[in-house]
Structures are given as structure tokens and as C-alpha cells.
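Residue numbers for the sequence shown follow numbering that gives the first Met the number 0, beginning at 0 and rising by one. All remarks here apply to the structure that follows.
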Amino acid sequence: MAHYQRFGSVPAKRHTQHRDADGNLYYEELMGEEGFSSDSSLLYHRHVPSAIVDARTWDLPDHSTVPNQPLKPLHLRLHELFTEPAGTVVDAVRGRRLVLGNADVRISYVVADQPSPLYRNATGDECVFVEAGSGVVETVFGDLTVGAGDYVILPRATTHRWLPAGDERLRLYIIEANSHIAPPKRYLSRYGQLLEHAPYCERDLRVPSEPHTSDGEDVEVYIKHRGTGPMGLAGSVHVVPRHPFDVVGWDGCLYPYVFNVADFEPITGRIHQPPPVHQVFEGNNFVVCNFVPRKVDYHPLSVPVPYYHSNVDSDEVMFYVAGDYEARKGSGIGIGSISLHPGGHSHGPQPSAIEASLGAERFDELAVMVDTFRPLELGEAGRAADDPSYAWSWSGRGPS
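Right, dumping it as C-alpha cells:
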């Protein structure tokens, strides 16, 4: 995010001595993307950030996938995945279950009621949508207070942990990239400022609070990284001699931030607008869009629900968060559902929804969409949450 921030104590010039009141040198760390050629930040630590005293393997949750074959549109009921009562020990890192994935992006889901361990994703950025609940994401940059409707963008290798508030359960929809996640390039100036036609601006972004120090020795940090396991992933646990939250100050253009979906200003028109107007973020070979409550098409003969469309280059994943998604009435889809409409299959509204939408002035719906440019495969959670009758919902009957 090329939007400069500065917190805490930093020296007047980078890469120069910076000392505490007793004369002890702080340790400068550059966290940067694309080999010193893109956004970066400088963090100043009390202790050596590279120090570890032990390492062991972390057996990741099941990341195996199977192809969507025979090719079918799918309905996945995520709210059926975590039905245990509150108090069951599930955290936002180790409790994630893989729903869908390919070589570019993985979509997981978790309902967490326990603090997570310290965690660092070394494979790519994470975009975590908070479906419900509230809490704090503690990071090496400072804290982020989060709640329902928040997107939490966590740059690759950011050390952090998730803390649910009180007895609340955090419902998290996790989009993990094998790349970086950022606002769409068409929303940005050549210097990185969000432009006038963008549906949000820098004022809508929440950045970390002042960095703080956490005490502790021989602290564990869980790391997801590239390896030889399913989807090319592996896990490790590093034991560090001092708590990694020891930053006295930082500055730069790379840091975690929060954007709430309620601050997305929808782009509407006299006739139906295509999905790219709903885009909020993008990564390599995928985009993230959101459909928010909005005024709909106002041409006197407009058809407010989407037309049938065949996205020949992409798979379309829709996560239904709140409201009443008009186009899917009668399909079985409800709050907490995912639909997967794969490339190669034309899809669109339920037939009855077309006539029912005529004359509508507003849609009250909230959904998060991910479009990928490589086919998605089903993870173990996707297979567990599958509604086997959905593929036949347009025709009204299944195989004989």
C-alpha cells in the first residue's frame, strides 16, 4: 500500500545509528517486496529479529485438493463446518479448513474462539474478511481492532496473532495469495494514490496503532512457507529468544491495514453494471469483489439481476454474507453459503428471479466474490460442505 506512514521512534535518516536512552543500538529491519524494488518499511527492534533458538516441523491442516470433476456448479454451506459449541478450542490459524484452492490462491474458513499463536505466512499476502465477531489482530507493526465487515490485509511475512474479544466467536473467510494483494491498478495513480473514480480512498483505511512491546522469552512463531507438501506448502515453528513484538518505531509504505466493506461506495448505472465495478482488491491471477447494498439499475426497461454469463477465463466464487441475494432465490443458497460457478459453465439468476426483480429500486445484499484465472479445486472443507443438489437448481430436476 503506497501510502506513507510513520509511528514511534525512527532516526532522521534511514540506515543510520538509532540508540535508546542508555546508548544501546536498535536493530533496523527492512521488510520489502520484490527484491528491494517495490514497497517497503523499516522497523527498529530492541532485539535481533533474526535470532532463533529452536525449530521444528508444523504439520499444517489438510491442504489436499481434488478437481471439480465432472465439472459442476457447486453450493458449499460453510456454516455447517463449525457446529461445536462456544468454548471449543479453535484458533484463527491452526483451525483453518481449506475450502477451495489452486496454485495462486487458497480460500479457507474458520470459526475461532481462542487466541491464535504468533503466525507468519511466508507464501503470500492474506486478505481476511471478518464475517462476524470482533477482536484484535496484534502485529509487529501495532494492533488492529477488527469487527464484522472488515477486510484485514496482512502483507507476506507479517508476524501477527488473532485475539477474539471476550467470549465472541470470530467467523473468518480467509483469502491467501501466493502473491501480493493490493487495490486494483486502475484505481491508483502512477505514484499509488487512490484516484477519484475509486470506490474508496485512503481515509477509509485503518492502520495499526503505535507499536508496543510484549514480554516473553523462548516464544513460538508458526510459519507457513513454500515446501513439498500439498499445494507446495510446508509448516515450521521457530522458537525465538525474545518476543518479536519489540519494535520501537517504523516507517514506510508496507504494513497491515483494515478496510470495512460498509465504506465501499457502489458504482451503479441505468443498466446492469458488470462485476468489475464491484472490485476491491487484486492478486496475481485473481480478483476480490464485493456486492454491497445499493441502488440498482434505473432505466425504465432495466433487468436488475445479472444476465446469464459464461466467464470463459475464470472460476467465480461468491460468499453470501448478509441480506437477500435476489438472483439466487430458490436455489438453496443462503447466508453462509458459497457458490462456485466454474469456467466452462454458463450461469446466472434463477429463472423466477428475473421477473421478480423487475421494478426493484434497491438490492439489500452483501457478498464477497473471488474470481480466479485458473481452475479451483476442492479442499477437504469444500467437500464436507457440498450441497449435491445445487447443480440441478436451474432445471428443477436432477439425473434420473
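The C-beta atom is built at its ideal place from N, Cα and C for all residues, glycine as well.
Whether THR64 touches GLU315 by CB criterion (8 Å): no
CA-to-CA distance, ARG170 to ASP90, given in whole angstroms: 11 Å
Three-state class that DSSP yields for LYS184 in the structure shown: helix
Residue(s) in a DSSP beta bridge with GLY100: ARG105, GLU376
Rounded straight-line distance, which links the Cα of VAL206 to that of LEU143: 7 Å
Rounded Cβ spacing between TYR108 and ALA366 (contact assumed at less than 8 Å): Between ALA366 and TYR108 the Cβ distance is about 15 Å, and since that is not below 8 Å, they are no contact.
Identity of the residues DSSP links to MET368 by a beta bridge: CYS288, MET317
Beta strand (DSSP E) runs contained entirely in the stretch 231-306, provided each spans 3 or more residues: 232-241, 246-251, 256-259, 278-282, 285-290
Cut-off 7 Å between Cβ atoms - residues of its own chain near GLY343, not counting five sequence neighbours on either side: LEU70
Inter-residue spacing [alpha-carbon to alpha-carbon] between ASP103 and GLY22: 46 Å
Anticipated Cβ contact below 8 Å, PRO183 with GLN278, distance rounded: 5 Å
Cβ-Cβ distance between TYR199 and PHE258 below 8 Å: yes
Inter-stretch contact (C-beta, 8 Å, three-pair minimum) for the stretch 9-24 and the stretch 152-166: no
Residue(s) in a DSSP beta bridge with GLY7: GLY248
Beta-carbon spacing of TYR44, VAL246 below 8 Å: Checking the displayed sequence, the identity of residue 44 turns out to be His instead of Tyr. The answer is yes: Cβ separation under 8 Å.
Local Cβ density within 10 Å of HIS74, reported as buried at 16 or more and exposed below that: buried
Outcome for LEU29 when other beta-carbon atoms lying within 10 angstroms are tallied against a minimum of 16: exposed
Residue of PRO305, ASP250, SER40 minimising C-alpha distance to SER356: PRO305
Distance CB(GLY134)-CB(LEU117) smaller than 8 Å: no
Nearest-angstrom Cα separation, counted from VAL139 out to VAL151: 15 Å
Reference GLU281; option with closest CA among CYS126, ALA233, HIS340, HIS62: CYS126
Nearest-angstrom beta carbon gap, ILE270 and HIS298 [assumed within contact, 8 Å]: 5 Å
Whether ASP370 touches PHE285 by CB criterion (8 Å): yes
8 Å Cβ cutoff met for VAL238 and VAL52: yes
First and last residue of the uninterrupted beta strand (DSSP E) at GLU175: 169-176
Reference ASN120; option with closest CA among ILE332, ASN310, GLY234, SER345: GLY234
Through-space distance from HIS340 to PRO374, alpha-carbon basis: 10 Å
Close beta carbons around ALA383, own chain, < 7 Å, minus the five adjacent residues each side: LEU80
Close beta carbons around VAL88, own chain, < 7 Å, minus the five adjacent residues each side: GLN113
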